[in-house]
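Trainee: Pasting in a structure now, in structure tokens, and then I'll have a few things to ask.
2 protein chains.
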Amino acid sequence: MIDWYYDLIMAITIKDIAKRVGVAPSTVSRALNGRGRMSSVTREKIRQVAQELGYYPNMLAKGLTTRKAGSVGVVIDRRHIPVERSFYSPIIEAIESTATPHGYHVIFATLKNHSSLKIVKERKVDGVVLIGTDISDELASSLLEEIPIVLVDNHLQGVDSIAVDNFGGAYRAVEYLIELGHRKIGFVTETMRDLSFRERFAGYQEALKKYGIKLDEQLIAEGGRRRGSGSIALEKLFEGKTLPTAIFVANDYTAVEVIWAIKAAGLNVPEDISVVGFDDNDIARIVDPLLTTVHVPRKRMGEEAFRRLLALIGDPTLSPTKIVFPTELVIRDSSGYKARSTS
Amino acid sequence: MIDWYYDLIMAITIKDIAKRVGVAPSTVSRALNGRGRMSSVTREKIRQVAQELGYYPNMLAKGLTTRKAGSVGVVIDRRHIPVERSFYSPIIEAIESTATPHGYHVIFATLKNHSSLKIVKERKVDGVVLIGTDISDELASSLLEEIPIVLVDNHLQGVDSIAVDNFGGAYRAVEYLIELGHRKIGFVTETMRDLSFRERFAGYQEALKKYGIKLDEQLIAEGGRRRGSGSIALEKLFEGKTLPTAIFVANDYTAVEVIWAIKAAGLNVPEDISVVGFDDNDIARIVDPLLTTVHVPRKRMGEEAFRRLLALIGDPTLSPTKIVFPTELVIRDSSGYKARSTS
DNA sequence: CTGAAAGCGCTTACAG
DNA sequence: CTGAAAGCGCTTACAG
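Protein sequences appear in the order of chains Z and X.
Numbers 1 to 343, taken from my numbering, label the letters of the first sequence in order.
Numbers 1001 to 1343, taken from my numbering, label the letters of the second sequence in order.
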């Protein structure tokens, strides 16, 4: 271990500036932080020298005294890795890009088997945004006792959260399918264990109900949390007595798999079966046909998550708020009028 | 500003443990860090109490004295946002997942207009991995003076780097196309300004040369760095006198756009034109037809990047190493034997 | 084997 | 308006 290597180049400190300007370190601190009244001459002089010397505060020292780390944590469950195909990556990026201008850095952490969050225990962060429903209530509650948190795409009584109008988005998507003339509308999801997916299912049910269409159990299928979930679910649908003329799928990735499976069965989308997804992921514009889906404003959600966290860091007594973001149906090529054949 | 809120619940410190055990704080420190010889009774007692109290060291204080932050930075140029469709996201995730078991956290930062890296100036990180060729040589060099760094998918004399065998991968892809009987093989890229893409182009050229095929300028097109790059490039190719029977595209995303454009022109892939991509992104298994491409082991690259950085943090005098990862051709459905019509 | 002291780089009452 | 002192929570020679 060579410990001295980078120590030769000692970073410049407040003391160096003080010596150079001929003033006390505490004065330098005040000048740089704009605290207390002081002659603008010395203040300017100090600032100028700091600039010249390329001074940056050592955040470890600063944080130790101010009890602020200058970073926030962004935590997701390991299950969402690879993020490449995750719903959450635009949210994470938005958090980073809005945190930076505010002088905050973001520590990106992944959670496995509900371990306690080292970044908060070690005081590396001033707050954390917990993304997804995999975060257990116990973890969230215990965290809340030591640090401000905001939940994204998850909800828990008494804690700040950023949510999506899953119900409304699903309702609208299914209503649209009904308007196109469809009556046999399937619902496919990876799993029902996810709050968001359950909400989307509820929206599906409500739309059917509103338009007087009876719920058909055989038109509902769960594919499981794995690659190929969509085709597994489609197989189940095809085993039923009634074939759907349209399928509402709870997320885009699964919708793409459903489309592939439909094609593999020798049918066409949307001529034989219309498919509508949810999320408006990048892939929605890559599949053939282009996917009709429900847009979720993930960038705005990430921005808002950070803003809210920042507010809570400033004042932890703020009362918990739940912000629900609206969704929007984006009509592309995977949906069309009710299939002729099955009419 | 309510500053006292979370301060009421003071985190437990080394002093608390010391008091409880009836020993000096310095002894607690030694026990917990396993330094110096000491009676195993007191050591055990201390460890047990620390455990009971749920003690975690305050990394701000620890870092201030040890000059180690316990975090590393992962930096990419803002241009690669959204990472969702980026080549780099699996690399970033791999860095995070290998850093965590080593007790390091990762600060994810985005670089805009070559600003200097605040995370290193503020001593928040012990090392940084710089991803992509957008990182300027000046920035890398200046950083290297204060902290260990490793470059990923980029190269610079005298600094550690993790690279991809772009040349070899491209060579193999084009050779494969030649083996299928193709002679009119196009090359499409977003841009030639990127080192990786230039290397892939070089591999393309070398394969043609090796098999005695003359380079045809009209078969080479750049689409520009924007959405739709692939179709723009394809249009250029179609303006030429000779139509390609196969196209080697420098990355998967652009390849997908090329496929779409070919379909839009009323042609089929691979019957009329074979398409081969590079990267083996998730989308390669989503497009129709499934994309033949060159696999890049991004996960392993990320793991290796962190390991190398860790080694450098331990000993900054290690001599710079360049690690080149091999690639592998993955044959799927977008490539086939030479088109009949144009033969 | 263990304690007391000094120090890491900063901030913040407290004097003057 | 500005300096000296104490303290944030830890580690590390230095004594004993």
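Every residue gets a Cβ at the ideal spot worked out from N, C-alpha and C, and that includes glycine.
Ignoring anything shorter than 4 residues, give me the alpha helix (DSSP H) runs that lie fully in the segment 43-90 of chain Z, in order along the chain.
Mentor: Counting only runs of 4 or more, we get 59-66.
Trainee: Is it buried or exposed for glutamate 1179 of chain X, if we count other Cβ within 10 angstroms and need 16 for buried?
Mentor: So glutamate 1179 of chain X ends up on the exposed side.
Trainee: What is the residue span of the beta strand (DSSP E) that lysine 322 of chain Z lies within?
Mentor: Unbroken beta strand (DSSP E) run through lysine 322 of chain Z: 322-325.
Trainee: In terms of alpha-carbon separation, which member of Z:Phe325, Z:Ile323, Z:Val324 and Z:Arg308 lies closest to threonine 317 of chain Z?
Mentor: It is Z:Arg308 whose Cα lies nearest to the Cα of threonine 317 of chain Z.
Trainee: Taking the alpha-carbon positions, what's the valine 1074 of chain X to glutamate 1304 of chain X distance?
Mentor: If you take the alpha carbons of valine 1074 of chain X and glutamate 1304 of chain X, they lie about 14 Å apart.
Trainee: Count the other CB atoms within 10 Å of the CB of serine 341 of chain Z; is the residue buried (16 or more) or exposed (fewer)?
Mentor: Because serine 341 of chain Z carries a pLDDT of 49, less than 50, the predicted location of this residue cannot be relied on, and no value is offered for it.
Trainee: Can you find at least 3 beta carbon pairs, one from the segment 319-326 of chain Z and one from the segment 143-162 of chain Z, that sit closer than 8 Å?
Mentor: As far as the Cβ criterion goes, the segment 319-326 of chain Z touches the segment 143-162 of chain Z, which means the pair count is three or higher.
Trainee: With 8 Å as the threshold, decide whether the Cβ of glycine 63 of chain Z is near any Cβ in chain X.
Mentor: By this cut-off, glycine 63 of chain Z is an interface position.
Trainee: Could you tell me the alpha carbon to alpha carbon distance between isoleucine 262 of chain Z and alanine 1284 of chain X, rounded to whole angstroms?
Mentor: Using only the alpha carbons, I get a separation of about 19 Å.
Trainee: Short of 8 Å Cβ to Cβ, which residues in the segment 1095-1115 of chain X face chain Z?
Mentor: Per Cβ criterion, the list reads Glu1096, Ser1097, Thr1100, His1105, Val1106, Ile1107, Phe1108, Ala1109 and Thr1110.
Trainee: Using a beta-carbon distance cut-off of less than 7 Å, what residues from the segment 1029-1059 of chain X approach chain Z?
Mentor: Here the close residues are Tyr1056, Pro1057, Asn1058 and Met1059.
Trainee: Compile a chain-ordered list of the residues in the segment 255-284 of chain Z whose CB is closer than 8 Å to at least one CB of chain X.
Mentor: Against chain X - using a Cβ distance shorter than 8 Å - the residues of the segment 255-284 of chain Z are Val256, Trp260, Lys263, Asn281, Asp282 and Ile283.
Trainee: By Cβ distance below 8 Å, which residues in the same chain neighbour tyrosine 56 of chain Z in space, the five residues on each side in sequence not counted?
Mentor: Ala11, listed in sequence order.
Trainee: Could you name the residues of chain Z that alanine 1011 of chain X contacts, counting a contact when the two beta carbons are closer than 9 Å?
Mentor: Those within 9 Å of alanine 1011 of chain X in chain Z are Lys121, Arg123 and Glu146.
Trainee: From glutamate 52 of chain Z to alanine 61 of chain Z, what distance separates their C-alpha atoms?
Mentor: Approximately 22 Å between the Cα atoms of the pair.
Trainee: Under 8 Å, with one C-beta from each stretch per pair, do the segment 165-184 of chain Z and the segment 94-107 of chain Z reach the 3-pair mark?
Mentor: No, the segment 165-184 of chain Z is not in contact with the segment 94-107 of chain Z.
Trainee: Going by DSSP, what residues sit across from histidine 1105 of chain X in a beta bridge?
Mentor: Looking at the DSSP assignment, histidine 1105 of chain X forms a beta bridge with X:Ser1071.
Trainee: Whose CA, out of X:Tyr1253, X:Gln1048 and X:Ile1149, lies closest to the CA of arginine 1226 of chain X?
Mentor: Selected option, being the one with the closest Cα: X:Tyr1253.
Trainee: Check whether chain Z comes within 8 Å of alanine 1069 of chain X, counting only Cβ atoms and requiring the distance to be less than that.
Mentor: Yes, its Cβ sits closer than 8 Å to a Cβ of chain Z.
Trainee: Quick check on this structure: which residue in X:Asp1279, X:Asp1288, X:Ile1286 and X:Ser1196 has the alpha carbon closest to the alpha carbon of valine 1296 of chain X?
Mentor: It is X:Asp1279 whose Cα lies nearest to the Cα of valine 1296 of chain X.
Trainee: Quick check: alanine 970 of chain X and glycine 1223 of chain X, are their CB atoms within less than 8 Å of each other?
Mentor: As displayed, chain X neither begins before 1001 nor continues past 1343, which places residue 970 of chain X out of reach and without an answer.
Trainee: My output table needs one value for threonine 98 of chain Z: the three-state DSSP class, helix, strand or coil.
Mentor: Helix at threonine 98 of chain Z.
Trainee: Can you find a CB in chain Z that lies within less than 8 Å of the CB of aspartate 1288 of chain X?
Mentor: Yes, aspartate 1288 of chain X lies at the interface with chain Z (some Cβ there is under 8 Å from its Cβ).
Trainee: Which residues in chain X have a C-beta closer than 7 Å to the C-beta of tyrosine 6 of chain Z? List them in chain order.
Mentor: Chain X residues near tyrosine 6 of chain Z: Glu1146, Ile1147 and Pro1316.
Trainee: With H, G and I counted as helix, E and B as strand and the rest as coil, what does DSSP make of alanine 1221 of chain X?
Mentor: Strand at alanine 1221 of chain X.
Trainee: Relative to the C-alpha of lysine 209 of chain Z, which candidate in Z:Arg172, Z:His80 and Z:Gly336 has its C-alpha closest?
Mentor: The shortest Cα separation from lysine 209 of chain Z among Z:Arg172, Z:His80 and Z:Gly336 belongs to Z:Arg172.
Trainee: Check whether the Cβ atoms of valine 1256 of chain X and isoleucine 259 of chain Z lie closer than 8 Å to each other.
Mentor: Not in contact: valine 1256 of chain X and isoleucine 259 of chain Z (Cβ atoms no closer than 8 Å).
Trainee: Measuring only the C-alpha atoms, how far is serine 116 of chain Z from aspartate 137 of chain Z?
Mentor: Computed Cα separation, rounded: 13 Å.
Trainee: Our contact map puts glycine 36 of chain Z next to arginine 30 of chain Z with C-beta atoms below 8 Å; I'd like the distance itself, whole angstroms only.
Mentor: Their Cβ separation, rounded to whole angstroms, is 5 Å, which keeps glycine 36 of chain Z and arginine 30 of chain Z in contact under 8 Å.
Trainee: Can you tell which of Z:Val49, Z:Ala94, Z:Leu111 and Z:Ile91 has its C-alpha closest to the C-alpha of aspartate 77 of chain Z?
Mentor: Looking at the Cα atoms, Z:Leu111 is the closest of the given residues.
Trainee: How about valine 1269 of chain X and serine 1334 of chain X: do their beta carbons lie closer than 8 Å?
Mentor: In this structure, serine 1334 of chain X lies closer than 8 Å to valine 1269 of chain X by Cβ.
Trainee: At the level of alpha carbons, what is the spacing between alanine 1265 of chain X and arginine 332 of chain Z?
Mentor: Cα to Cα, the separation comes out at about 20 Å.
Trainee: Let me know the secondary structure DSSP gives alanine 11 of chain Z once reduced to three states.
Mentor: Correct three-state label for alanine 11 of chain Z: coil.
Trainee: Spatial neighbours of arginine 202 of chain Z within its chain, please: CB distance less than 7 Å, with the 5 preceding and 5 following residues excluded, ordered by chain position.
Mentor: The residue asked about is misnamed: residue 202 of chain Z is alanine in this sequence, not arginine. Taken in chain order, the residues that qualify are Phe167.
Trainee: Less than 8 Å between the CB atoms is what I'm expecting for glutamine 205 of chain Z and leucine 195 of chain Z, so what's the real figure, rounded?
Mentor: Contact doesn't hold; Cβ gap of about 16 Å is too wide.
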